[in-house]
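A.B. asks: Before I ask anything, let me first share the structure, which is written out below as structure tokens.
Numbering (the numbering used here), first residue to last: 349 to 521.
Below, the structure written as structure tokens:
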């Protein structure tokens, strides 16, 4: 089940400013990074900035984000985060509408995913059933957060016109 939420305008503006000031790092594929995986098909490069992982804060920018308002907006004010990172994907009209490699963020671990879209973009998020059939598409809208069970296979897709930013947060249930 996917739920949708909106952040307050002040929090939206703060994240929008921050996402354009972060240093981003290149990865060969947006689902599997620079690693091989049995579900890895065509590669879709992207840039990422890790804010938090299980070892703790990984970025000097971590404390600038409105984590408490985000947790409150999605109904999880007391859930601990296990991972948070910003992603950046440049427009690629040549593969627009093509789902990237499907994945789960934390294989073999129960978690909840919150995907926040700081800007309007046309690069949808795809959701898949256990046979890898597309069951839902979510179009990014500025200020929208989608929340779903972390065992749900999903993928990004390339935008055609504007840069696609996302803030991906994995929470402990």
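Idealized CB from N, CA, C, for every residue including glycine.
Can we say the stretch 373–380 touches the stretch 426–434, given the rule of at least three CB pairs closer than 8 Å?
C.D. replies: Flag = no, the stretch 373–380 and the stretch 426–434 do not touch.
A.B. asks: Rounded to a whole number of angstroms, what is the C-alpha to C-alpha distance between residue 402 and residue 482?
C.D. replies: For the purposes of this step, residue 402 is taken as the residue at position 54 of the chain shown. For the purposes of this step, residue 482 is taken as the residue at position 134 of the chain shown. Taking the straight line from one Cα to the other gives about 30 Å.
A.B. asks: With distances taken between CB atoms, is the gap from residue 427 to residue 503 smaller than 7 Å?
C.D. replies: Taking the chain shown and counting its residues from 1, the one referred to as residue 427 is at position 79. Taking the chain shown and counting its residues from 1, the one referred to as residue 503 is at position 155. No, the Cβ-Cβ distance between residue 427 and residue 503 is not below 7 Å.
A.B. asks: Does DSSP put residue 458 in a helix, a strand or coil?
C.D. replies: Sequence index remark: in the chain shown, residue 458 carries index 110 (1-based). Residue state, collapsed to three classes: coil.
A.B. asks: Enumerate in chain order the residues of its own chain whose CB-to-CB distance from residue 509 is below 7 Å, with the five nearest sequence positions on each side excluded.
C.D. replies: Numbered from 1 along the chain shown, position 161 holds the residue referred to as residue 509. Answer for residue 509: 439, 470, listed in chain order.
A.B. asks: Taking only the alpha-carbon atoms, compute the straight-line gap between residue 520 and residue 497 and give it to the nearest angstrom.
C.D. replies: Numbered from 1 along the chain shown, position 172 holds the residue referred to as residue 520. Numbered from 1 along the chain shown, position 149 holds the residue referred to as residue 497. Those two C-alpha atoms are separated by around 11 Å.
A.B. asks: Go through its chain and collect everything with a Cβ distance to residue 453's Cβ below 8 Å, but skip five positions before and after it.
C.D. replies: As a position in the chain shown, residue 453 is number 105, starting the count at 1. Only 431, 459, 461, 498, 516, 518 meet the Cβ criterion.
A.B. asks: Could you give the residue range of the alpha helix (DSSP H) that holds residue 365?
C.D. replies: For the purposes of this step, residue 365 is taken as residue 17 along the chain shown, with counting starting at 1. Element bounds for residue 365: 357–367.
A.B. asks: Just the Cα atoms here: how many angstroms apart are residue 491 and residue 419?
C.D. replies: Position 143 of the chain shown, counting from 1, holds the residue named residue 491. Position 71 of the chain shown, counting from 1, holds the residue named residue 419. So the alpha carbons of these two residues sit roughly 14 Å apart.
A.B. asks: In or out: residue 485 buried (at least 16 other Cβ within 10 Å) or exposed?
C.D. replies: Here residue 485 corresponds to residue number 137 of the chain shown, with the count starting at 1. Result: exposed.
A.B. asks: Would DSSP call residue 452 helix, strand or coil?
C.D. replies: By one-based count along the chain shown, residue 452 stands at place 104. Three-state result, residue 452: coil.
A.B. asks: Does the distance from the C-beta atom of residue 513 to that of residue 467 stay below 7 Å?
C.D. replies: Numbered from 1 along the chain shown, position 165 holds the residue referred to as residue 513. Numbered from 1 along the chain shown, position 119 holds the residue referred to as residue 467. Yes, Cβ-Cβ distance for residue 513 and residue 467 is below 7 Å.
A.B. asks: For residue 488 versus residue 465, is the C-beta spacing smaller than 7 Å?
C.D. replies: Mapped onto the chain shown, residue 488 falls at position 140. Mapped onto the chain shown, residue 465 falls at position 117. Yes, these two residues count as a Cβ contact at 7 Å.
A.B. asks: By Cβ distance, which residues of its chain are closer than 8 Å to residue 421, with the 5 residues on each side in sequence left out?
C.D. replies: Here the question's residue 421 lines up with position 73 in the chain shown. For residue 421, where only same-chain residues beyond five positions count, the Cβ hits under 8 Å are 353, 354, 355, 356, 359, 493.
A.B. asks: According to the Cβ coordinates, are residue 501 and residue 436 closer than 7 Å?
C.D. replies: The residue labelled residue 501 in the question sits at position 153 within the chain shown. The residue labelled residue 436 in the question sits at position 88 within the chain shown. No. Outside cutoff.
A.B. asks: Would residue 417 and residue 362 be called neighbours here (beta carbons separated by less than 7 Å)?
C.D. replies: Taking the chain shown and counting its residues from 1, one reaches residue 417 at position 69. Taking the chain shown and counting its residues from 1, one reaches residue 362 at position 14. No, the Cβ-Cβ distance between residue 417 and residue 362 is not below 7 Å.
A.B. asks: Just the C-alpha distance for residue 367 and residue 473, rounded to the nearest angstrom, thanks.
C.D. replies: For the purposes of this step, residue 367 is taken as the residue at position 19 of the chain shown. For the purposes of this step, residue 473 is taken as the residue at position 125 of the chain shown. Each residue's Cα considered, the two are about 19 Å apart.
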